[in-house]
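Asker:
Number of protein chains: 2
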Amino acid sequence: MMKHKKAISDAVIERLPLYYRDLLLLKDAGIDIISSERLGERLGITPEQIRKDLTCFGAFGKKGVGYYVNELCQQIVEIIGLQQHWKVGIAGIGHLGWALANYKTFERLGFRTTGLFDVDHRIIGQNVGGVIVTPIADMAAVIAREGIQIGIITTPAAVAQQVADEMVKAGIKGILSFAPLRLTVPDNIFVFREDLSIGLSRISYYLTNCSGKAMTDADRT
Amino acid sequence: MMKHKKAISDAVIERLPLYYRDLLLLKDAGIDIISSERLGERLGITPEQIRKDLTCFGAFGKKGVGYYVNELCQQIVEIIGLQQHWKVGIAGIGHLGWALANYKTFERLGFRTTGLFDVDHRIIGQNVGGVIVTPIADMAAVIAREGIQIGIITTPAAVAQQVADEMVKAGIKGILSFAPLRLTVPDNIFVFREDLSIGLSRISYYLTNCSGKAMTDADRT
Chain A
1 MMKHKKAISD AVIERLPLYY RDLLLLKDAG IDIISSERLG ERLGITPEQI
51 RKDLTCFGAF GKKGVGYYVN ELCQQIVEII GLQQHWKVGI AGIGHLGWAL
101 ANYKTFERLG FRTTGLFDVD HRIIGQNVGG VIVTPIADMA AVIAREGIQI
151 GIITTPAAVA QQVADEMVKA GIKGILSFAP LRLTVPDNIF VFREDLSIGL
201 SRISYYLTNC SGKAMTDADR T
Chain B
1 MMKHKKAISD AVIERLPLYY RDLLLLKDAG IDIISSERLG ERLGITPEQI
51 RKDLTCFGAF GKKGVGYYVN ELCQQIVEII GLQQHWKVGI AGIGHLGWAL
101 ANYKTFERLG FRTTGLFDVD HRIIGQNVGG VIVTPIADMA AVIAREGIQI
151 GIITTPAAVA QQVADEMVKA GIKGILSFAP LRLTVPDNIF VFREDLSIGL
201 SRISYYLTNC SGKAMTDADR T
């Protein structure tokens, strides 16, 4: 694993998967070298920002030529830790859980969903994106059997803490939660909370305060 | 509208809706004043960060007492522009669109979903969260009739650009896109792209690089 001298900022960490996904597309297309200008055009990020981000972890490219696609992919894989091929379990197979279970980008990045859990008997037993939904009562057993390291919680808020407790007890190390409340977990467990309303609030902010001006910075594409 | 002397960073803009939602809960509970320490505990954000964020837009609170909940709510509403009561339309009522149409926080923040659009005849005509799904062919007419200003795109990537073009032609000013591609829109239109894999990538990064260390910074709750 690479050693990082400096801590990498959250903003850079959020952009790395965007770079990575696009680099994979370039690789598939047989492209070996890409300039920061061209990559920037594809992603809607300025070439300066890209060069700054990539310098953070020691990817310098070749002056006047560009970045080697393969090498850069490999570096990003190591930084994000995607070489681990994380196994993921999703608790709560409502519409959002269902959408996530079928979310192609997870697989593209190396996340494999190998457990789906719910309490609803109409959903248990169904095949969602190639995985059979099992009763949440069996969650701990499936997590142990499959070696699932990351849990996604899309249950109602009222049961999210209980689900998180069970995930932690079963050996989960990181949790991505869509439930609108703060989860209490031991210090060695990583929790990241997604909030789908942040994007809309950002649009509201920009429409209110920056009308008539292009929003290239906030467009993460 | 408030005038901002300095540009507010994206990170602050992303935290504002989190503050706002929690302040609404405090308001509902009849709490008039909250300290940055107590607010920090509830949200998992350090009191220093909260004070710094709120100082950005001139909310200073009362030393040794705290912030006035009502006043702070009102300030955040004005900053984000939520007093506008934005109307929202969602194109693509698959599982993700369905989940978003029922996402309670949107309404709590003042976003009203008044248009749902799809091409699938099994979905058209259904009542999803109180709104009837209409054919995407009627989208422009519904956007004009309802005065919808913000569009959410959850369609397959292959049709997302076409949907965005039609939204823009119909008068939409901001687009939140879940489609995994860069949308091309006129300069005066705001596009913000959501990527559900960023949270997982962040967890992978922290599990790989910071194991055994608590992740309070990355826990946006």
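Protein chains in written order, with UniProt numbering: chain A, 1 to 221; chain B, 1 to 221.
We put the CB at the ideal spot given by N, CA and C, even for glycine.
Have a look at the DSSP bridge pairing and note the partners of R112 of chain B.
Answerer: Note: R112 of chain B sits in a beta bridge opposite B:K87.
Asker: In the DSSP output, what is F192 of chain B paired with across the bridge?
Answerer: Answer is B:L176.
Asker: In the region 62 to 89 of chain A, which residues sit with their C-beta less than 8 Å from some C-beta in chain B, listed in chain order?
Answerer: Hits within the stretch, in order: I79, I80, G81, L82, Q84, W86 and V88.
Asker: Would you give the residue range spanned by the beta strand (DSSP E) that G151 of chain B belongs to?
Answerer: Segment I150 to I153, the beta strand (DSSP E) holding G151 of chain B.
Asker: I'd like to know whether the C-beta atoms of I132 of chain B and A170 of chain B end up nearer to each other than 9 Å.
Answerer: No.
Asker: According to the Cβ coordinates, are I124 of chain A and P135 of chain A closer than 9 Å?
Answerer: Closer than 9 Å, so yes.
Asker: CA-CA distance, E146 of chain A and D120 of chain B?
Answerer: About 36 Å.
Asker: Looking at the structure shown, is D165 of chain A part of a helix, part of a strand, or coil, going by DSSP?
Answerer: Helix, per DSSP.
Asker: Which partner residues does residue 238 of chain A have in the DSSP bridge list?
Answerer: Shown here, chain A extends from 1 to 221; a query on residue 238 of chain A therefore has no answer.
Asker: Any beta carbon from chain A within less than 9 Å of K52 of chain B's own beta carbon?
Answerer: Answer no: the Cβ-Cβ gap between K52 of chain B and chain A never drops below 9 Å.
Asker: On the CB-based measure, 16 or more other CB atoms within 10 Å of its CB, does R15 of chain B come out buried or exposed?
Answerer: Flag for R15 of chain B reads buried.
Asker: Note the first and the last residue of the continuous alpha helix (DSSP H) segment covering P17 of chain B.
Answerer: Residues D10 to D28.
Asker: For G40 of chain B, which residues from the same chain have a beta carbon less than 8 Å from its beta carbon, with the 5 sequence-adjacent residues on both sides left out?
Answerer: So the qualifying residues of the chain are T46, P47, Q49 and I50.
Asker: Within this structure, are the beta carbons of R21 of chain A and R112 of chain A separated by less than 9 Å?
Answerer: Cβ distance not < 9 Å, so R21 of chain A and R112 of chain A don't count as in contact.
Asker: Do the region 87 to 104 of chain A and the region 159 to 174 of chain A make contact, defined as three or more Cβ pairs closer than 8 Å?
Answerer: Contact between the region 87 to 104 of chain A and the region 159 to 174 of chain A is present, because at least three Cβ pairs lie under 8 Å.
Asker: Mind checking which residues open and close the alpha helix (DSSP H) that includes I198 of chain A?
Answerer: Looking at the DSSP string, the run of the alpha helix (DSSP H) that includes I198 of chain A is S197 to N209.
Asker: For chain A, check one thing: does any of its Cβ atoms lie closer than 9 Å to the Cβ of A140 of chain B?
Answerer: Not one chain A Cβ lies under 9 Å of A140 of chain B.
Asker: What are the boundary residues of the beta strand (DSSP E) that includes I132 of chain A?
Answerer: Segment V131 to P135, the beta strand (DSSP E) holding I132 of chain A.
Asker: Looking only at its chain, what residues have a beta carbon closer than 8 Å to the beta carbon of T208 of chain A, apart from the 5 residues adjacent to it on each side?
Answerer: Cβ within range, chain order: n/a, list empty.
Asker: Taking Cβ-Cβ distances below 9 Å as the criterion, which residues of the region 192 to 205 of chain A are in contact with chain B?
Answerer: Flagged, chain order: F192, R193, E194, D195, L196, S197, I198, G199, L200, S201, R202, I203, S204 and Y205.
Asker: Can you grab the Cα-Cα spacing for the pair W98 of chain A / G129 of chain B, in whole Å?
Answerer: So the two alpha carbons sit approximately 18 Å from each other.
Asker: For chain A, find out if any of its Cβ atoms is closer than 9 Å to the Cβ of F190 of chain B; answer yes or no.
Answerer: For F190 of chain B, the answer is yes, since a Cβ of chain A falls inside 9 Å of its Cβ.
Asker: Please look up how many angstroms separate the CB atoms of S35 of chain A and G66 of chain A, rounded, as I've assumed it's under 8 Å.
Answerer: That belief holds up - the Cβ atoms of S35 of chain A and G66 of chain A are roughly 4 Å apart, short of 8 Å.
Asker: Using the Cβ count rule (16 or more neighbours within 10 Å means buried), how would you classify L183 of chain A?
Answerer: Looking at its Cβ environment, which holds 16 or more other Cβ atoms inside 10 Å, L183 of chain A is buried.
Asker: Quick check on residue 254 of chain B - is its C-beta less than 9 Å from some C-beta in chain A?
Answerer: For chain B, the structure presents residues 1 to 221; residue 254 of chain B sits outside this window and is missing.
Asker: Any idea what DSSP makes of K62 of chain A, helix, strand or coil?
Answerer: Looking at K62 of chain A - three-state DSSP - the assignment turns out to be strand.
Asker: Among the residues of its own chain, which have a CB less than 8 Å from the CB of L181 of chain A, if the five just before and after it don't count?
Answerer: Closer than 8 Å at Cβ, skipping near neighbours: A157, A160 and Q161.
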